[in-house]
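The opening position of the sequence shown corresponds to residue 1430 in our numbering, with each subsequent residue numbered one higher.
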Amino acid sequence: MDINLFKFCSGLKVLGYFMILLVVSIVAVSYYAVVVLTWGPQLLRGGIHSFLAFSILFLFHVLLILLTWSYFMVVFKNPGSVPENWRAVTEEDNMEAGSSMASSHHVEPETFASSDGLERKRVGYCSQCQNGKPPRCHHCSICQRCVLKMDHHCVWVVNCVGACNYKFFLLFLLYTFLETTMDTLVLLPSFIGFFSEAKNHSNSPGNLAFLFLAFVLNLAFALSLLCFVVMHASLVSSNTTSVEVYEKKKSVRWRYDVGRKNNFEQVFGTKRALWLLPVFSKEDLDKIPALQGLEFPTRSDVEA
Ligand SMILES: [Zn+2]
Ligand SMILES: [Zn+2]
């Protein structure tokens, strides 16, 4: 059988742009159902109805802005590429530079060619990119390039998720989960009334179809996103990427796990005010090497 894997993977990339359209359509259906059909008209009823409708619509729009912002940050941000002719920092380089990171990288660039399995895992060579491979870096067959601290290739954002855009991906996940959960709850009364309304013909069939579709879509997304939110919360707290889950199972202590607080800051930065926004402070970008994706502090009690 002659299957061209590369053709298949570029096909997936084309599918990606269709996914953006799908995301926009789901948002549009939810917007129409929540804002135009159900809660918008409640604004003019006065009293508690208006107050409730205003609160729901306000929250809906805030979450929508945050999720759209995070979404476009994941889509357009380079997840992290390996610099040209990259090679591992050797002990000598570190001594020259007087770097304090020396303790975490005692790796000779040649070791990847040796039979020492452990070292080879950390510093390798990518034959497709013909360049060195920093620790935690993986070659993505869809993007056809190496991605720093690659987590996974996400078809929903048509991009790889790696060192530089993992936070944006997590925020997109979180806000989409919150938005779809809220949509499900605020559409629930209309969904329950759906069948009686269908009988009484009090709403047009088109609008009823929209309500039904929006409710089912949001419920399905909220439930599946919950699984991803829980999974990634556990990955962040243990400083593991989705690619590394299998590798981690084989070791007693995970070498990149440097405590819950440090693990969290390696992804979200140290500025509390920016934790919930898809941005980093310049100071964090300079100070936290993990955000650049080339060097990672390791536990002192784990060899190599
Ligand atoms: Zn590569
Ligand atoms: Zn990719």
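The beta carbon of each residue, even a glycine, is placed where N, CA and C say it ideally should be.
Which one or two residues does DSSP pair with Arg1574 in a beta bridge?
-> Numbered from its first residue, the sequence shown carries residue 1574 at position 145. Arg1574 pairs with Cys1569.
For ligand 1, any of its heavy atoms closer than 7 angstroms to the Cβ of Cys1589?
-> Mapped onto the sequence shown, residue 1589 falls at position 160. Result no, Cβ not under 7 angstroms from ligand 1.
With DSSP collapsed to three states, give me the class of Lys1679.
-> Position 250 of the sequence shown, counted from the first residue, corresponds to residue 1679. Residue state, collapsed to three classes: coil.
Roughly how many angstroms separate the alpha carbons of Phe1644 and Arg1728, rounded to a whole number?
-> Sequence index remark: in the sequence shown, residue 1644 carries index 215 (1-based). Sequence index remark: in the sequence shown, residue 1728 carries index 299 (1-based). Each residue's Cα considered, the two are about 47 angstroms apart.
Mind checking Met1579: buried by the 16 CB within 10 Å criterion, or exposed?
-> For the purposes of this step, residue 1579 is taken as the residue at position 150 of the sequence shown. Result: buried.
Of the residues Leu1614, Arg1474 and Ile1571, the one placed nearest Lys1651, counting alpha carbons only = If you number the sequence shown from 1, residue 1651 lands on position 222. In the sequence on display, residue 1651 carries Ala and not Lys. Cα-wise, what sits closest to Ala1651 is Leu1614.
Within the present structure, is the beta-carbon of Cys1593 separated from the nearest heavy atom of ligand 1 by less than 7 angstroms?
-> Position 164 of the sequence shown, counted from the first residue, corresponds to residue 1593. Cys1593: no, Cβ never under 7 angstroms from ligand 1.
Proximity winner among Asn1594, Phe1606 and Thr1670, relative to Ser1653 (alpha-carbon distances) | Position 224 of the sequence shown, counting from 1, holds the residue named residue 1653. It is Phe1606.
Under the criterion of a Cβ to heavy atom distance below 7 angstroms, does Ile1621 qualify as lining ligand 2?
-> To locate residue 1621, count along the sequence shown from 1; it is residue 192. For ligand 2, not one heavy atom lies less than 7 angstroms from the Cβ of Ile1621.
Buried or exposed for Phe1447, please, with buried defined as at least 16 other CB atoms from any protein chain shown within 10 angstroms of its CB.
-> Taking the sequence shown and counting its residues from 1, the one referred to as residue 1447 is at position 18. Counting Cβ neighbours within 10 Å, Phe1447 comes out exposed, since fewer than 16 surround it.
Can you list, in chain order, the residues of its chain whose CB lies under 7 angstroms from that of Trp1515, leaving out five sequence neighbours each side?
-> Translated into positions along the sequence shown, residue 1515 becomes position 86. Here the set comprises Asn1560, Gly1561 and Pro1563.
Could you give the DSSP three-state label for Val1645: helix, strand or coil?
-> Position 216 of the sequence shown, counted from the start, is the residue given in the question as residue 1645. In this structure, Val1645 counts as helix in the three-state DSSP scheme.
Taking the DSSP output, what are the residues bridged to Asn1588?
-> As a working note, residue 1588 is residue 159 in the sequence shown. DSSP, once it has assigned bridges, lists Cys1583 as partnering Asn1588.
Ligand 2 heavy atom lying under 7 angstroms from the CB of Ile1449 = In the sequence shown, residue 1449 corresponds to position 20, counting from 1. No - ligand 2 has no heavy atom lying nearer than 7 angstroms to the Cβ of Ile1449.
Which two residues bound the contiguous beta strand (DSSP E) that contains Lys1562?
-> On the sequence shown, position 133 is the one that residue 1562 refers to. Residues Asn1560 to Lys1562.
DSSP-derived helix/strand/coil call for Cys1593 | Translated into positions along the sequence shown, residue 1593 becomes position 164. In this structure, Cys1593 counts as coil in the three-state DSSP scheme.
Kindly provide the chain-ordered list of residues whose Cβ lies closer than 6 angstroms to any non-hydrogen atom of ligand 1.
-> Cys1555, Gln1557, Cys1558, His1568, Arg1574 and Cys1575
Considering only C-alpha positions, which residue in the set Trp1585, Leu1473 and Cys1555 is nearest to Gln1573?
-> Along the sequence shown, read from residue 1 onward, the residue named residue 1573 stands at position 144. With distances taken between Cα atoms, Gln1573 lies closest to Cys1555.
Return the CA-CA distance between Leu1492 and Tyr1604, expressed in angstroms with no decimal places.
-> Reading the sequence shown from its first residue, position 63 is the one you call residue 1492. Reading the sequence shown from its first residue, position 175 is the one you call residue 1604. Going by the C-alpha atoms only, they are around 6 angstroms apart.
By Cβ distance, which residues of its chain are closer than 6 angstroms to Leu1495, with the 5 residues on each side in sequence left out?
-> Your numbering for residue 1495 matches position 66 in the sequence shown. Around Leu1495: Tyr1604.
Going by DSSP, which residues form a beta bridge with Gly1635?
-> As a first step, residue 1635 must be located in the sequence shown, where it is residue number 206. Paired residue(s): none; Gly1635 is not in a bridge.
Nearest residue (CA-CA) to Val1443, options Ser1619, Trp1585 and Val1659 = Start at 1 with the first residue of the sequence shown, and residue 1443 comes out as number 14. Considering only alpha carbons, the answer is Trp1585.
Asp1545 versus Gly1553 - alpha carbon distance = Position 116 of the sequence shown, counting from 1, holds the residue named residue 1545. Position 124 of the sequence shown, counting from 1, holds the residue named residue 1553. Here Asp1545 scores only 41 on pLDDT, less than 50, and its place in the model is too uncertain to base an answer on.
What does DSSP give as the partner residues of Gly1553 in its beta bridges?
-> The sequence position of residue 1553 within the sequence shown is 124, counting from 1. Lys1562, per the DSSP bridge assignment.
If we ignore side chains and look at the alpha-carbon of each, how far apart do Leu1720 and Asn1692 end up?
-> One-based indexing of the sequence shown puts residue 1720 at position 291. One-based indexing of the sequence shown puts residue 1692 at position 263. Taking the straight line from one Cα to the other gives about 11 angstroms.
Classification of Tyr1675 by the beta-carbon crowding that lies within 10 angstroms, buried from 16 upward | Position 246 of the sequence shown holds residue 1675. Answer is exposed; the Cβ neighbour count stays below 16.
Let me know if Asp1612 comes out buried or exposed under the rule of 16 or more other beta-carbons within 10 Å of its beta-carbon.
-> In the sequence shown, residue 1612 corresponds to position 183, counting from 1. Asp1612 is buried by the Cβ-count criterion.
Using the C-alpha atoms, what's the distance from Ala1649 back to Val1587?
-> Against the sequence shown, residue 1587 aligns to sequence position 158. Against the sequence shown, residue 1649 aligns to sequence position 220. Approximately 21 angstroms, taken between the alpha carbons.
First through last residue of the alpha helix (DSSP H) which encompasses Val1503 = One-based indexing of the sequence shown puts residue 1503 at position 74. Element bounds for Val1503: Gly1476 to Phe1505.
How about His1582: is its Cβ closer than 7 angstroms to a heavy atom in ligand 2?
-> Start at 1 with the first residue of the sequence shown, and residue 1582 comes out as number 153. Result yes, Cβ under 7 angstroms from ligand 2.
Please report how far the alpha carbon of Ile1668 lies from the alpha carbon of Asp1686, in whole angstroms.
-> By one-based count along the sequence shown, residue 1668 stands at place 239. By one-based count along the sequence shown, residue 1686 stands at place 257. Reading off the sequence, residue 1668 comes out as Asn, not Ile. Each residue's Cα considered, the two are about 5 angstroms apart.
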